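Have a look at the structure below, then the notes.
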Amino acid sequence: MGLLLWLAFGAAQAEWGVNMAPGATEVSRSVFDLHMTIFWICVVIGVVVFGAMFWSMLIHRRSTGQEPAHFHESTTVEILWTVVPLVILVLMAIPATKTLIDIYDSSESELDIQITGYQWKWQYKYLGQDVEFFSNLTTPAEQINNKAEKGEHYLLEVDEPLVVPAGTKVRFLITSADVIHSWWVPALAVKKDAIPGFVNESWTRVDEPGLYRGQCAELCGKDHGFMPIVVEVKTKADFATWLAERKQASAAEKELTSKEWSQEELMARGEKTYNTTCAACHQASGEGLPPMFPALKGSAIATGPVEEHIGIVVNGKPGTSMAAFGKQLSEVDIAAIITYERNAWGNKVGDMVTPKDILTFKQAQE
Amino acid sequence: MSAVIDTDHKGHGHAGDDHHHGPAKGLMRWVLTTNHKDIGTMYLWFSFAMFLLGGSMAMVIRAELFQPGLQIVQPEFFNQMTTMHGLIMVFGAVMPAFVGLANWMIPLMIGAPDMALPRMNNFSFWLLPAAFGLLVSTLFTAGGGPNFGWTFYAPLSTTYAPESVTFFIFAIHLMGISSIMGAINVVATILNLRAPGMTLMKMPLFVWTWLITAFLLIAVMPVLAGCVTMMLMDIHFGTSFFSAAGGGDPVLFQHVFWFFGHPEVYIMILPAFGAVSSIIPAFARKPLFGYTSMVYATASIAFLSFIVWAHHMFTVGIPLTGELFFMYATLLIAVPTGVKVFNWASTMWRGSMTFETPMLFAVAFVILFTIGGFSGLMLAIAPADFQYHDTYFVVAHFHYVLVPGAIFGIFASAYFWLPKWTGHMYDETLGKLHFWMSFIGMNMAFFPMHFVGLAGMPRRIPDYNMMFANFNMVSSIGAFMFGATQLLFLFIVIKCIRGGKPAAAKPWDGADGLEWTVPSPAPYHTFQTPPEVK
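Those protein sequence lines, which keep their order, are chains U and R.
Position one of the first sequence corresponds to residue 1 (my numbering), numbered consecutively onward.
Position one of the second sequence corresponds to residue 367 (my numbering), numbered consecutively onward.
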């Protein structure tokens, strides 16, 4: 049995981590210290209580000829073991209170980032900077389905990490667009629920540049286990460069709306965006996972009047998991996705939806 | 557990009773029965069936988590398994098992002829198969069964739920009605039907803890009913209790749910405290240490359970002062819980102990429940909870209080009272084997969960990074072992019902209490003339 276990573990090429890591921020280190303090207090109490019990179990047995004693109460002892734990608890509560007050002080931040949870990805918006993007899982389906070797950061890798500057107090404003999610990066000791319709605050200040990984911590539906978080901490100078590049890129993105698009270009872009945004539910094959997630292949909407198709993508379908993508995606991406859906998997509608059509549709709605 | 059938014509304990009769014949006996022993037996069998069903769902979960990658089930079904496992274990296995023990033992312990409200007793049992039939049937519907976790947080359980959620809501209502009626019955029985001389402070602790549990049930099951009713309104009648878009708040759901949910965890453990408080003195051959403080500690725990609910919600963004209040209140629970553990340890101290199966389970209960208490203490520290919350550390914590807590408490009770129920001694060797296999399997399954949780593995995920792989494999092997072992328990119980060494009226020389004054197996009707308690 032991040998079998050993072989199994060898094959699993994994580690034996048993404890929390101290993490990368002052807060995470003080949380770690708290954790270890309470742990050792519990160990000491455990050794005393279990020690007494094991001693008793070894010595006070009938098989050793022990005669039972008859005592059954002692006010002194009972007061003592009520008061002593109370004192220990107060001693534990003091440092915990200090750390908690510190964690709740999100004032004087130098950078504000809005984090929005979606089923099943994160959106990061740099407030006042005109930069926003989605962060999707990049682990390929082949790895998840055991058809390819799993990479080192299996399920903990994304296309676009959240980038923050080192040594800067960054405030997070956390919310959700659908169900409750929870944004958690262990190394930062930040875990805050993303609640639809409400905004929660949290903050961090990371000293060292590096990559820090986390996951959604609140059950949020089918792909709850597949919406990781990656935070890339850059030096202040690198961060400034990165931010400037992102601003340029987002300006360029906006211009794409007025560009003349060909069917091929839209199909190519549509396939890519469909696979990152839509395929989790409707599947890459367009066959969906009925009845929760309907098929698009041959569906009435994807092969019917184009206005209805645009409408459902832009506004979503209330009461279902179909989100309103009008606010999530650019006009270009929506146009590309719709064009793709109407012409892929044997849906041969043949028409083409341009970014301008989407813009017109949105303006008509307003 | 049903060997009372054999005793119908013996008619002992019926002196001066002119309409004595045994149980009816055939299947209708079980449908129409108002006898507390029959109903207790049905509750126990039902809960064991649910334990095996919920357990097989746990086996699916552990099989999928045996290795990284998706092998056996898809995430949709995985979520249904975690949800149903939790619901079935909480509402189908643990709670009915304690109601079954209450039905069997409370009248015997206080010298009552039956429960105070026998017809309601029958109805509260028969609601359960209906409720669970309904709940389990949702797994076969298009769109699948409940997949939002046993805590069913809105809006995942409302706007984003599968259609079967309405069946789930109705099932919860039925379970709630059943529990409330069961609880009313327990209160009415204990307060009205005690034998002359059986003052409150002479009652066995199992009766005391059940009395307090019953009040908890009456207080919080209506809250759960309100919670699911609000869900129903949101889903079908256009209200917005839990939706910010209509002026509601998803966090309101969590406040209401946990106002039910925290007392609920004590509902699942207090009766076990009571049973263990009878078992340890019996095998230590020494009276329970600190009876009075045990009663007060139980009452304090019950009171505190109402003011700590938001410690399940430290990460939802409650204000600092709220966070501090709930942290301090939660830490306070450690005091009465500590008192109980110290009392059990002192009862053992300088006793004359033997370790038959009930005692093994009882001692393991004290030690392992205390480990669950330690992790509970760690979770109470709000800043540290930000790291533990919704990780496998929490899964390890609540399985340590529920498996070696509630479930070992139930096993200890079952072995302790099986001779009284069946009239036969169970097979001691097999009983011990069942204990050790359960003990090793359970620790192997749940201890490594502390490690992966601290290392950063969230709960309720079907797949994980390789850094969690080793301990997950250990957990799965332990879980398979624990699961398989429970079939041995089934075998032991059936063997005990069918035969074995005849049990004396009082098979445990150190045991104390009225239940040991009636013959084994307990006759169909007992204490029709109340005993005198001095």
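In this text, a Cβ means the ideal position worked out from N, Cα and C, and glycines have one as well.
Remember, it's a predicted structure, so these values are computed and weren't measured experimentally.
How is the alpha helix (DSSP H) around residue i delimited, first residue to last?
{"i": "T687/R", "result": "L686 to M714"}
{"i": "P228/U", "result": "Looking at the DSSP string, P228/U is not in any alpha helix (DSSP H); the run it does join, the beta strand (DSSP E), is P228 to K234."}
{"i": "S804/R", "result": "E794 to A821"}
{"i": "K272/U", "result": "Q263 to T277"}
{"i": "D333/U", "result": "E331 to N343"}
{"i": "C42/U", "result": "E26 to I59"}
{"i": "R653/R", "result": "In the sequence as presented, Arg is not what sits at residue 653/R; that position holds Pro. Segment: none, P653/R is in no alpha helix (DSSP H) and carries neither H nor E."}
{"i": "L345/R", "result": "Given that chain R is displayed from residue 367 to residue 900, the structure contains no residue 345/R and the question cannot be resolved."}
For residue i, does the count of other Cβ atoms within 10 angstroms reach 16, so buried, or fall short, so exposed?
{"i": "W40/U", "result": "exposed"}
{"i": "N836/R", "result": "buried"}
{"i": "G346/U", "result": "exposed"}
{"i": "G548/R", "result": "buried"}
{"i": "S56/U", "result": "buried"}
{"i": "S262/U", "result": "exposed"}
{"i": "M567/R", "result": "exposed"}
{"i": "Q440/R", "result": "exposed"}
{"i": "V760/R", "result": "buried"}
{"i": "W6/U", "result": "Only weak support exists for where W6/U lies, its pLDDT of 48 falling under 50; the value from the coordinates is given anyway. Per the 10 Å Cβ criterion, exposed."}
{"i": "M1/U", "result": "Low confidence applies here, because M1/U scores a pLDDT of 44, under 50, leaving its location unreliable and the question unanswered by this model."}
{"i": "R29/U", "result": "exposed"}
{"i": "T241/U", "result": "exposed"}
{"i": "G499/R", "result": "exposed"}
{"i": "N19/U", "result": "exposed"}
{"i": "V185/U", "result": "buried"}
{"i": "D384/R", "result": "Caution is warranted here: a pLDDT of 46 is assigned to D384/R, below 50, making its placement in the model unreliable, and the coordinate value is therefore given only provisionally. Flag for D384/R reads exposed."}
{"i": "E260/U", "result": "exposed"}
{"i": "A78/U", "result": "One detail in the question is off: residue 78/U reads as Glu in this sequence, not Ala. The residue in question, E78/U, is buried, as its Cβ has 16 or more Cβ neighbours within 10 Å."}
{"i": "A96/U", "result": "buried"}
Starting from the beta carbon of residue i, find every residue of chain U whose beta carbon is closer than 8 Å, and list them in chain order.
{"i": "I806/R", "result": "None at all; the shortest Cβ gap to chain U is about 12 Å."}
{"i": "L522/R", "result": "V179, I180, L219, C220 and G221"}
Name the chain U residues that come within less than 7 Å of residue i, Cβ to Cβ?
{"i": "P749/R", "result": "V31, L34, A96, T99, L100 and I103"}
{"i": "L743/R", "result": "I38 and C42"}
{"i": "F756/R", "result": "Before going on, a small fix: residue 756/R reads as Asp here, not Phe. The answer, in chain order, is S182, A217 and E218."}
{"i": "S659/R", "result": "E78"}
{"i": "N469/R", "result": "None at all; the shortest Cβ gap to chain U is about 29 Å."}
{"i": "A611/R", "result": "G197"}
For the beta strand (DSSP E) holding residue i, just list the boundary residues, first then last.
{"i": "W203/U", "result": "N200 to T204"}
{"i": "D404/R", "result": "Where D404/R is concerned, there is no enclosing beta strand (DSSP E), although the alpha helix (DSSP H) it sits in stretches over H402 to E430."}
{"i": "Q365/U", "result": "Not the beta strand (DSSP E): Q365/U falls in the alpha helix (DSSP H), residues P355 to Q365."}
{"i": "R171/U", "result": "V170 to S176"}
{"i": "L211/U", "result": "G210 to C216"}
{"i": "W183/U", "result": "H181 to V185"}
{"i": "A780/R", "result": "From DSSP, A780/R is part of no beta strand (DSSP E) but of the alpha helix (DSSP H) over F774 to T788."}
{"i": "A580/R", "result": "Not the beta strand (DSSP E): A580/R falls in the alpha helix (DSSP H), residues L571 to H602."}
{"i": "D193/U", "result": "V190 to A194"}
By the criterion of Cβ-Cβ separation under 7 Å, what are the contact partners of residue i in chain R?
{"i": "W40/U", "result": "The premise fails here: W40/U is roughly 11 Å from chain R at the closest Cβ pair, so nothing lies under 7 Å."}
{"i": "W81/U", "result": "G704, V705 and F708"}
{"i": "D193/U", "result": "T681, V682 and G683"}
What does residue i reach in chain R if we use C-beta pairs closer than 8 Å?
{"i": "H70/U", "result": "K652 and P653"}
{"i": "Y118/U", "result": "The contacting residues do not exist; Y118/U stays about 12 Å from chain R at best."}
{"i": "W261/U", "result": "Here the premise fails: no neighbours, minimum Cβ distance about 34 Å."}
{"i": "S56/U", "result": "A711, M714, W715, R716, G717 and M719"}
{"i": "Q66/U", "result": "R716, G717, S718 and M719"}
For residue i, would you say it is in contact with chain B, using Cβ-to-Cβ distances shorter than 8 Å as the test?
{"i": "V230/U", "result": "Protein chains in the displayed structure are U and R, and chain B is not among them."}
Is there contact between the stretch 41–54 of chain U and the stretch 623–635 of chain R, where contact requires at least three CB pairs shorter than 8 Å?
no
* Asked: Taking three-plus beta-carbon pairs below 8 Å as touching, is the stretch 684–693 of chain R in contact with the stretch 765–778 of chain R?
  -> no
Check your understanding: For the 8 Å Cβ check, are there 3 or more pairs between the stretch 101–110 of chain U and the stretch 142–162 of chain U?
Key -> no
- Query: Could you give the uninterrupted runs of the beta strand (DSSP E) lying entirely in the stretch 104–161 of chain U, keeping only those of 3 residues or more?
  - Reply: 111–118, 121–126 and 131–135
Can you check the stretch 455–511 of chain R for any beta strand (DSSP E) of at least 3 residues that lies completely inside it and give the ranges in chain order?
none
> For the stretch 524–531 of chain R against the stretch 574–590 of chain R, are there 3 or more C-beta pairs whose distance is under 8 Å?
Replying inline: no
### Task
Check whether the stretch 828–846 of chain R touches the stretch 417–430 of chain R, counting contact only when three or more Cβ pairs, one atom from each stretch, lie closer than 8 Å.
yes
- Task: State whether the stretch 890–897 of chain R contacts the stretch 805–817 of chain R, with contact taken as three or more CB pairs (one from each stretch) at a distance under 8 Å.
- Result: no
Fill in: Three CB pairs or more closer than 8 Å across the stretch 178–194 of chain U and the stretch 740–756 of chain R
yes
* Touch check for the stretch 484–493 of chain R and the stretch 541–560 of chain R: three-plus C-beta pairs under 8 Å? -> yes
**Study point:** Inter-stretch contact at 8 Å, needing at least 3 Cβ pairs: the stretch 195–210 of chain U / the stretch 172–185 of chain U
**Key:** yes
Practice problem: Taking 8 Å as the threshold, find out whether the stretch 300–316 of chain U comes into contact with the stretch 333–352 of chain U through three or more Cβ pairs. | Solution: yes
Open item on the list: Three or more C-beta pairs under 8 Å: does that hold for the stretch 597–615 of chain R against the stretch 489–496 of chain R?
Closed with: no
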